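Residue numbers (this note's numbering), protein chains in the order written: chain A, 498 to 608; chain B, 1256 to 1370. From the three backbone atoms N, C-alpha and C, an ideal C-beta is built for every residue, glycine too. Here the structure is a predicted model, which means the values were calculated and not measured. To start, the structure under review is shown below, and the notes come after it.
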């Protein structure tokens, strides 16, 4: 079993849709959870960063962490064509020196 | 932008030649990393550094070496490039444990083609 599982997609949605991206993980030591957005031929860009369980909202983006289920989600409201990218989940333990990444979900938002 | 500069951004080299990729940061972060990203494999850690002259191997370190003589610079060397090392290489930095350092920032990538 991989440490982090993520649906690779691709996922295509119409503009304005609500998008749900998800990752599951197996290591209960993970405490810090991140979502990255990666445009084609660019480096991953930090989108959301959360600690432990709960929700965090930033504009159209909401990150959810459920440590009891070892499940994290990223919701994108009112999706835009500019949201078309690959989204990577990532996590680290308390010591924050080792990071584990999901394989990424490719999202296309169609005008 | 996280203050990370990678050079060169694109390079084509011949099999068997040594290649060095450079990463320069302006954030004074303690940890620096080299990843490669390939279709079907995602991001894979090559080597990382937790301080000047302190480095350790990642999951795909064979054929690669690193050096860090200054806090701001982390070099990745392909000792004798092979076609399997054709990839995009990302440098990343992290502040380390606590103090909001439990996240990682990436550079823009270096595209390497070995012919």
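Hey, how far is the Cα of residue i from the Cα of residue j?
i, j, result
"residue 1288 (chain B)", "residue 1359 (chain B)", "9 Å"
"residue 1354 (chain B)", "residue 593 (chain A)", "A caution first: residue 1354 (chain B) carries a pLDDT of 49, below 50, which makes its placement in the model unreliable, though a value can still be read off. Distance between the alpha carbons of residue 1354 (chain B) and residue 593 (chain A): 10 Å."
"residue 1327 (chain B)", "residue 1286 (chain B)", "10 Å"
"residue 1301 (chain B)", "residue 1283 (chain B)", "21 Å"
"residue 1265 (chain B)", "residue 1364 (chain B)", "9 Å"
Is there at least one non-hydrogen atom of the ligand NAD closer than 7 Å to the beta-carbon of residue i?
i, result
"residue 1323 (chain B)", "Absent from the structure shown: the ligand NAD. Ligands present: none."
Could you tell me which chain A residues have their CB closer than 7 Å to the CB of residue i, listed as they occur along the chain?
i, result
"residue 1337 (chain B)", "Going along chain A, no residue has its Cβ under 7 Å from residue 1337 (chain B), so there is no contact; the nearest lies around 23 Å."
"residue 1305 (chain B)", "594"
"residue 1286 (chain B)", "594"
"residue 1329 (chain B)", "None at all; the shortest Cβ gap to chain A is about 15 Å."
Which chain A residues sit within Cβ distance under 8 Å of residue i?
i, result
"residue 1363 (chain B)", "539 and 540"
Indicate the three-state DSSP secondary structure (helix, strand or coil) for residue i in the structure shown.
i, result
"residue 511 (chain A)", "strand"
"residue 535 (chain A)", "strand"
"residue 503 (chain A)", "strand"
"residue 577 (chain A)", "coil"
"residue 566 (chain A)", "coil"
"residue 1261 (chain B)", "strand"
"residue 525 (chain A)", "coil"
"residue 550 (chain A)", "coil"
"residue 1340 (chain B)", "helix"
"residue 1288 (chain B)", "strand"
"residue 1197 (chain B)", "With chain B running from 1256 to 1370 in the structure shown, residue 1197 (chain B) is simply not present."
Kindly list, in the order they appear in chain B, the residues whose Cβ is closer than 7 Å to that of residue i.
i, result
"residue 454 (chain A)", "An answer regarding residue 454 (chain A) cannot be provided, because it is not within the stretch 498 to 608 covered by chain A."
"residue 596 (chain A)", "1359"
"residue 525 (chain A)", "Per Cβ cutoff of 7 Å: no residues; residue 525 (chain A) is ~16 Å from chain B at best."
Residue i: which of the options sits nearest, CA to CA?
i, options, result
"residue 1310 (chain B)", "B:1322, B:1276 and B:1369", "B:1322"
"residue 1313 (chain B)", "B:1325, B:1331, B:1326 and B:1327", "B:1331"
"residue 519 (chain A)", "A:572, A:590, A:607 and A:580", "A:572"
"residue 539 (chain A)", "B:1269, B:1362 and B:1295", "B:1362"
"residue 1270 (chain B)", "B:1347, B:1333, B:1299 and B:1278", "B:1333"
"residue 536 (chain A)", "A:525, A:584, A:549 and A:548", "A:584"
"residue 598 (chain A)", "A:515, A:517 and A:543", "A:543"
"residue 1337 (chain B)", "B:1316, B:1345, B:1320 and B:1370", "B:1370"
"residue 1367 (chain B)", "B:1357, B:1324 and B:1342", "B:1342"
"residue 1348 (chain B)", "A:541, A:586 and A:504", "A:541"
"residue 569 (chain A)", "A:606, A:517, A:607 and A:556", "A:517"
Applying a beta-carbon distance threshold of less than 7 Å, which residues of chain E neighbour residue i?
i, result
"residue 600 (chain A)", "Considering every chain present, this structure includes no chain E. Its protein chains are A and B."
Taking residue i as the query, report the chain B residues whose CB atoms sit under 9 Å from its CB, ordered along the chain.
i, result
"residue 589 (chain A)", "1349, 1357, 1358 and 1359"
Discussion item. Is it the case that the stretch 565–581 of chain A contacts the stretch 507–516 of chain A, given that we only count it when at least three CB pairs across the two stretches are under 8 Å?
Written reply: yes
Fill in: Sufficient close CB pairs (3 or more, under 8 Å) joining the stretch 1262–1282 of chain B to the stretch 530–544 of chain A
No contact exists between the stretch 1262–1282 of chain B and the stretch 530–544 of chain A.
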